[in-house]
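Going letter by letter, the sequence shown gives residues 27 to 228 in the working numbering.
Using N, Cα and C, we set each Cβ at its ideal position, and we do this for glycine too.
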Amino acid sequence: MSSDRTEQLRAIKDEILNLTESPLYDYRKRNNYYPVIGQGNHYAQIMFIGEAPGKNEAETGRPFCGASGRVLDHLLASIGVPRADVYVTNIVKDRPPNNRDPLKTEIDLYAPFLERQIDIIQPRALATLGRFSMEFVLRRFGVYRSGARISQLHGTVISARAAYGMISIVPLYHPAAALYNASQRGTLEDDFQALRQFIGSQ
Ligand code: URA
Numbered sequence: 027m028s029s030d031r032t033e034q035l036r037a038i039k040d041e042i043l044n045l046t047e048s049p050l051y052d053y054r055k056r057n058n059y060y061p062v063i064g065q066g067n068h069y070a071q072i073m074f075i076g077e078a079p080g081k082n083e084a085e086t087g088r089p090f091c092g093a094s095g096r097v098l099d100h101l102l103a104s105i106g107v108p109r110a111d112v113y114v115t116n117i118v119k120d121r122p123p124n125n126r127d128p129l130k131t132e133i134d135l136y137a138p139f140l141e142r143q144i145d146i147i148q149p150r151a152l153a154t155l156g157r158f159s160m161e162f163v164l165r166r167f168g169v170y171r172s173g174a175r176i177s178q179l180h181g182t183v184i185s186a187r188a189a190y191g192m193i194s195i196v197p198l199y200h201p202a203a204a205l206y207n208a209s210q211r212g213t214l215e216d217d218f219q220a221l222r223q224f225i226g227s228q
């Protein structure tokens with residue numbers, strides 16, 4: 027059944043599909059890539075926010091469907107949450123060439139779409155994956171402290187005010203970190219425990 031939220035999210039998708047002013051638009055077209063809008067429950071309590079799509083994601087249009095996605099699935103399973111219960115998206119909706127870090131201009135261009143996704147889905151918790159998304163979300167909600175580092179903030183719960191009510195921001199390391207570093211995997215598993223309190227019905 028199509029809901030109001032589905033309609034509003036579809037409008038975002040249509041706008042991004044036609045986002046010719048994006049510096050990543052030509053690269054998307056040349057490679058027959060898709061933009062990656064987001065995937066999951068439109069009534070999710072927890073929204074995961076990554077950086078930008080990788081190759082697998084751009085080829086399928088689905089977020090976190092490659093190696094990092096398998097780590098994310100494992101972490102969700104460790105707290106008993108099916109992927110279908112959460113919403114997963116990125117700040118930047120198109121793949122940057124060669125997996126380079128997203129540029130500030132790209133983050134600024136795509137951020138309004140993420141902000142709309144947050145306001146439509148109204149999650150109780152924003153779980154940021156990696157430092158770009160942590161910084162963006164903390165700044166956006168006015169709780170960024172100068173010099174804040176992911177090495178200090180990972181796994182903590184930071185309260186903030188969204189347009190629709192109070193939310194919790196939970197900075198997490200990017201799942202890709204666990205691919206190259208086994209101890210990061212343990213840290214991510216520990217930090218995921220902080221998300222348990224947001225599991226439940228809306
Ligand atoms: N890394 C991200 O930040 N996002 C994805 O969707 C995949 C990998």
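Simplified DSSP assignment, three categories, for residue i
| i | result |
| --- | --- |
| Pro197 | strand |
| Ala189 | coil |
| Gln65 | strand |
| Thr154 | strand |
| Ile184 | strand |
| Asp127 | coil |
| Val107 | coil |
| Phe14 | Beyond the ends of the chain as shown, which are 27 and 228, falls residue 14; an answer cannot be given. |
| Arg121 | coil |
| Gly92 | coil |
| Asn82 | helix |
| Gln148 | coil |
| Arg175 | coil |
| Ala204 | helix |
| Tyr59 | coil |
| Ala37 | helix |
Cross-strand partners of residue i (DSSP beta bridge)
| i | result |
| --- | --- |
| Thr115 | Ile75 |
Residue burial classification, residue i (beta-carbon count within 10 angstroms, cutoff 16)
| i | result |
| --- | --- |
| Gln143 | buried |
| Met73 | buried |
| Tyr190 | exposed |
| Pro138 | exposed |
| Arg126 | exposed |
| Tyr206 | exposed |
| Asn67 | buried |
Straight-line gap, residue i to residue j (C-alpha atoms, nearest Å)
| i | j | result |
| --- | --- | --- |
| Ala70 | Gln148 | 8 Å |
| Ile105 | Ala220 | 10 Å |
| Leu129 | Asp111 | 31 Å |
| Gly87 | Ser209 | 30 Å |
| Tyr3 | Ser29 | The question about residue 3 has no answer here: the residues shown for the chain are numbered 27 through 228. |
| Pro197 | Leu179 | 6 Å |
| Arg80 | Ile38 | What sits at residue 80 in the sequence shown is Gly, not Arg. Answer to the nearest angstrom: the Cα atoms are 20 Å apart. |
| Glu83 | Asn57 | 13 Å |
| Met192 | Val114 | 20 Å |
| Gly226 | Pro108 | 12 Å |
Contact test: residue i Cβ vs the ligand ADP heavy atom, cutoff 8 Å
| i | result |
| --- | --- |
| Gly87 | Absence of the ligand ADP is noted for the structure shown, with the ligand URA being the only ligands found. |
- Message: Three or more C-beta pairs under 8 Å: does that hold for the region 110-121 against the region 208-216?
- Response: Segments in contact, no.
- Would you be able to state if there are at least three C-beta pairs under 8 Å between the region 162-173 and the region 33-47? No, the region 33-47 is not in contact with the region 162-173.
- How do the region 93-101 and the region 197-204 stand: do at least 3 beta-carbon pairs fall below 8 Å, yes or no? Judged by Cβ distances under 8 Å, the region 93-101 makes contact with the region 197-204, as three or more pairs qualify.
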